[in-house]
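Asker: Starting off with a structure, shown below.
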DNA sequence: TGACACCGATGTGTGCTGACATCAAAACTC
DNA sequence: GAGTTTTGATGTCAGCACACATCGGTGTCA
């Protein structure tokens, strides 16, 4: 016989979520808090109470707590007993986390974030090209050569949409071909900067003839296993890219992270 | 009148936590699962049930769920309704997260992780030095010069402990002085590789005379605002560092992250 | 009277649990 | 085979017990 199920609580239908987002409550909570912290709406040192967040987000403690735990792992907040949830200074944030990058790109820090990413690219891609020349599998080298030729075609024809697609794949293949998983992980961010550059009209009407040649140089050097040539050609691409983009962030102030005392 | 508070449950005293660790249950759970996943004990595609983890870790659902949420944000697992918690392939992990790096360094992936970090350093530090020459605040430039001189002293005197401390601070200052928060965030990882190099006896008895000179070159070039000289000197340091360390990871296989189709 | 150490009250994160809600895989029906 | 129902896992909620840092009061001593 089935014991009668005791119904302790009515289990009200819970408002049926008027804002019928497809995403989960957890996702929404992380997103809400992350954007507000990174965007500066919640300044460094600001203390929140879990209970207050429940009211603000209209969710239960579980959701708030799980979201706070995630933000904690990103370095955005810390929890202190008897005090609350405190917003940490920006230099404690994990600047490599995709979420943090996305939130910065969406807010005031957009310029500074793009500069950081561009500088990171300018550092990494030449070394990635050099490593790819030594390590990349044969099929990848050949695809790279093919793409560099297709880029020239698309560039000469003025087909910028196709050029962008090829450009993205080109740089993704170089990063992947390095055999370094940290480099490969930057593919997403590089893609973001490349698309952003065209979307925001920072791309020249036609790709520079030089840039097309440099891409082919990189591809052929990787194919030939010539690391230093690949590196130098990639460095040239990066220098030109930085030069093109620099005006858009020249006014952004630089922040100097304090070095922990020994 | 106060309504009588209905006591739904006795709330038993909860076993008083025999394993009286100083760390929180949440921390322990994240650590336990993270090390086992990154260490390979839980292979890609392995599916766990939350309830099973409760039993295994002897913790409640809240702790398991919060830990899983954090691991999810690191890209180590995904949760699927009606299926469970699935371990994701390594190329989905966030290779820049300090936790992931630490877990890899602690397990079989140690060699590959050190290579990745060293290659990242070799890419970033020259560019960081170049940027520092243009951006670093005056006080930082001067400290850098002072440290490079002290490094020479310590090196000539054979005081390797002091040399290591100075070396760490030197590279931290260069990264910080770049004014790029992503570069600055690598300070921790660079410190790890530097200490690891000496701890594991991969460091020469006396620092190379050339290396000492290169450090001074970097410092003076940054102080003088000469970016390209700083970059080239830093690149020389990196080349030598890589050459010293390479034997320790030459047998590690490289992994090539698949590039998403367009 | 004033400075300081102690100690209890208070409040907030941490952790545990039962009860649903939801949704997709799997089983079932036609 | 297509559509429907069942099932079983995560998702969410709410209440309680506990640990512990902080604050403020109290007592002691100078």
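Chains as they are written, first to last, in this note's numbering: chain A, 555 to 816; chain B, 555 to 816. C-beta atoms are modelled at their ideal positions from N, C-alpha and C, and glycine is treated no differently. Just so it is clear, the structure is predicted and the values come from calculations on it, not from any experiment.
Are there 16 or more other CB atoms within 10 angstroms of the CB of residue 634 of chain A, so buried, or fewer, so exposed?
Answerer: When all chains shown are included, residue 634 of chain A counts as exposed.
Asker: Which parts of the stretch 703-756 of chain A are runs of the beta strand (DSSP E), unbroken and 3 residues or longer, counting only runs that do not cross its ends?
Answerer: none
Asker: Starting from the beta carbon of residue 741 of chain B, find every residue of chain A whose beta carbon is closer than 9 Å, and list them in chain order.
Answerer: 811, 813, 814
Asker: Go ahead and pull the three-state DSSP assignment for residue 640 of chain B.
Answerer: strand
Asker: Please name the residue, chosen from A:658, A:796, A:695, that lies closest to residue 779 of chain A on a Cα-to-Cα basis.
Answerer: Looking at the Cα atoms, A:695 is the closest of the given residues.
Asker: Is residue 724 of chain A near residue 678 of chain A, with beta carbons less than 8 Å apart?
Answerer: no
Asker: Can you say whether residue 785 of chain A is buried or exposed, counting buried as having 16 or more other CB atoms within 10 angstroms of its CB?
Answerer: buried
Asker: Counting beta carbon pairs with one atom in the stretch 662-673 of chain A and one in the stretch 650-665 of chain B, are three or more of them shorter than 8 Å?
Answerer: no
Asker: What residues from chain A crowd round residue 691 of chain B, counting only those whose CB sits closer than 8 Å?
Answerer: 810
Asker: Just grab the DSSP bridge partners of residue 585 of chain A for me.
Answerer: Bridge partners of residue 585 of chain A: none, in fact.
Asker: Mind checking residue 762 of chain A: buried by the 16 CB within 10 Å criterion, or exposed?
Answerer: exposed
Asker: Answer with yes or no whether the minimum CB distance from residue 804 of chain B to chain A is below 8 Å.
Answerer: no
Asker: Determine the direct distance from the alpha carbon of residue 764 of chain A to that of residue 674 of chain A, and round the result to whole angstroms.
Answerer: Straight-line Cα distance between these residues: approximately 22 Å.
Asker: Strictly below 7 Å CB to CB, what residues from chain A border residue 649 of chain B?
Answerer: Residues of chain A with a Cβ closer than 7 Å to the Cβ of residue 649 of chain B are, in chain order, 735, 736, 739.
Asker: Would you decide whether residue 800 of chain B is buried or exposed? Buried here means 16 or more other CB atoms lie within 10 Å of its CB.
Answerer: exposed
Asker: Using the Cβ count rule (16 or more neighbours within 10 Å means buried), how would you classify residue 575 of chain A?
Answerer: The pLDDT assigned to residue 575 of chain A is 46, lower than 50, so where the model puts this residue is not dependable, and the model offers no usable value.
Asker: Can you find a heavy atom of the ligand NAD that lies under 7 Å from the Cβ of residue 738 of chain A?
Answerer: No copy of the ligand NAD appears in this structure; indeed no ligand is present at all.
Asker: Classify residue 795 of chain A as helix, strand or coil using the three-state DSSP reduction.
Answerer: helix
Asker: Note down, in chain order, all residues in the stretch 717-731 of chain B with a beta-carbon under 8 Å from any beta-carbon belonging to chain A.
Answerer: 719, 722, 723, 726, 727, 730, 731
Asker: When you compare the CB of residue 670 of chain A with every CB in chain B, is at least one pair closer than 8 Å?
Answerer: yes
Asker: Need the endpoints of the alpha helix (DSSP H) that residue 618 of chain B sits in, please.
Answerer: 615-627
Asker: Determine, for residue 673 of chain B, whether the minimum Cβ-Cβ distance to residues of chain A falls below 8 Å.
Answerer: yes
Asker: On a Cα-Cα basis, can you pick out the residue from B:713, B:642, B:666 that is closest to residue 809 of chain B?
Answerer: B:666
Asker: With distances taken from CA atoms, which of A:812, A:614, A:776 is nearest residue 742 of chain B?
Answerer: A:812
Asker: Confirm, please, whether the CB-CB distance from residue 726 of chain A to residue 717 of chain A is below 8 Å.
Answerer: no
Asker: Residues of chain A with CB closer than 9 Å to the CB of residue 624 of chain B, please, in chain order.
Answerer: The answer, in chain order, is 620, 623, 624, 626, 627.
Asker: Name the chain A residues whose beta carbon is nearer than 7 Å to that of residue 787 of chain B?
Answerer: In chain order: nothing, as chain A lies at least about 16 Å away.
Asker: Which residues in chain B sit within 7 Å of residue 583 of chain A, going by Cβ to Cβ distance?
Answerer: The contacting residues do not exist; residue 583 of chain A stays about 11 Å from chain B at best.
Asker: Go ahead and label residue 777 of chain B buried or exposed: buried means 16 or more other beta carbons lie within 10 angstroms of its beta carbon, across all protein chains shown.
Answerer: Around the beta-carbon of residue 777 of chain B, 16 or more other beta-carbon atoms lie within 10 Å, marking it buried.
Asker: With a threshold of 8 Å between beta carbons, is residue 676 of chain A in contact with chain B?
Answerer: Chain B, which has a Cβ nearer than 8 Å to the Cβ of residue 676 of chain A, makes this yes.
Asker: Using DSSP with H/G/I as helix, E/B as strand and the rest coil, what is residue 601 of chain B?
Answerer: In the structure shown, residue 601 of chain B sits in a strand (DSSP, three-state: E or B).
Asker: Does residue 577 of chain B pass the burial test, meaning 16 or more other C-beta atoms within 10 Å, or should it be called exposed?
Answerer: With fewer than 16 other Cβ atoms inside 10 Å of its own Cβ, residue 577 of chain B counts as exposed.
Asker: Expressed to the nearest angstrom, what Euclidean distance is found between the alpha-carbon atoms of residue 605 of chain B and residue 760 of chain B?
Answerer: C-alpha separation (whole angstroms): 56 Å.
Asker: Using 8 Å as the limit for Cβ to Cβ distance, is residue 654 of chain B near chain A?
Answerer: no
Asker: Using a Cβ-Cβ distance cut-off of 8 Å, determine whether residue 703 of chain A contacts chain B.
Answerer: no
Asker: For the stretch 578-611 of chain B, enumerate the residues whose C-beta is nearer than 9 Å to any C-beta of chain A, in chain order.
Answerer: 580, 584
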